[in-house]
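>
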Amino acid sequence: MPIETDKPANAPRILAEIDGAVGRLIVDNPARLNAVTLAMWRAIPAAVARLEADPHVRLIIVTGGGAKAFVSGADISEFAAVRRDADSARSYEAANASAFRALRQAKKPTLAAIRGVCLGGGLGLAVACDLRLAAEGSTFGIPAARLGIGYPPECVGDVVAAVGPSRAKEMFFTARRIEASEAARIGLINSVVPAERFDAEIASLAATIAGNAPLTLQAAKSAIDRPLHDPDGSGLAQAVRLADACFESADFAEGRTAFLEKRQPVFRGE
């Protein structure tokens, strides 16, 4: 069920679609390998918010339109207008950062389903997600050093969290492209999937995640992310509160009962 379709089908756009327990955020500009325009960057936070607000959605999958690319990065053809000077560049970077932050701070699990090129801002979207699966043949890179642009510091932090400081520096300093096998080896992605099985693997993982207890997933995500994004420890109380809420939920009772009855639990996020 699409919930953002106010532009012509061939126009660059951000789509938010819901299929049962799975929400999909689609970067849809296949004619330009899903390059992201400024308008698209600005549309991402609202699309994420719509998927977050739907009580039926258990998982948000981020993907690109068409079959050739995840996201090839920002639409460089706009740069002369939208990044013409320091002030406009700061405004553009703020839109980038807001898009990345919307995914990074989503309470629901997020999964980047990567097929084809994943470069620059596209990599920024991917590393802002909790999990990243890529089809064989996908390529990754951060070409900022070849374009003379600054990368949003929050997104740099996401890259560091994924691969560590030394690998992150190598990626930024060399601006080289890496293949999916290397991306998996250094921790940039979780795994590489044969192209012919990619859709099935994504569907299987989505079903597994969506079938688990939503409150537990939210509590785990908060606790795992806290050291990365909460260095002063102020978020510990929230992480504890979310963990405690699991034990007061109907889902906790359902999980115990299902275990004793030797059946699959049916969680409701309550």
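In the numbering used here, the protein residues as written are 8 to 277. We put the CB at the ideal spot given by N, CA and C, even for glycine.
Between the alpha carbons of Ala175 and Glu268, how many angstroms are there, rounded?
48 Å
> DSSP on Ala202, reduced to helix/strand/coil?
It is helical.
> Which runs of the beta strand (DSSP E) fall wholly inside the region 126-188 and span at least 3 residues, in chain order?
138-142, 146-148
> For Ala142, collect the residues of the same chain with a Cβ closer than 8 Å to its Cβ; drop the 5 residues on either side in sequence, then sort them by chain order.
Ile121, Arg122, Gly123, Ala187, Val199, Val200, Pro201, Ala202, Phe205
> Between the region 101-109 and the region 36-54, are three or more C-beta pairs nearer than 8 Å?
They touch, by the three-pair rule.
> Under a Cβ-count criterion, where at least 16 other Cβ atoms within 10 Å of its own Cβ denotes burial, should Gln271 be classed as buried or exposed?
That one is exposed.
> In this structure, how does DSSP classify Phe107 when only helix, strand and coil are distinguished?
helix
> Does the separation of the CB atoms of Leu348 and Leu138 fall below 7 Å?
Because the chain in this structure spans residues 8 to 277, residue 348 falls outside the shown range and cannot be described.
> For Gly194 versus Cys162, is the C-beta spacing smaller than 7 Å?
no
> Closest by CA to Lys114, which one among Ala213, Ala217, Ala226?
The shortest Cα separation from Lys114 among Ala213, Ala217, Ala226 belongs to Ala226.
> Following the continuous alpha helix (DSSP H) through Phe274, name the residue where it begins and the one where it ends.
Per DSSP, Phe274 belongs to no alpha helix (DSSP H) and is neither H nor E.
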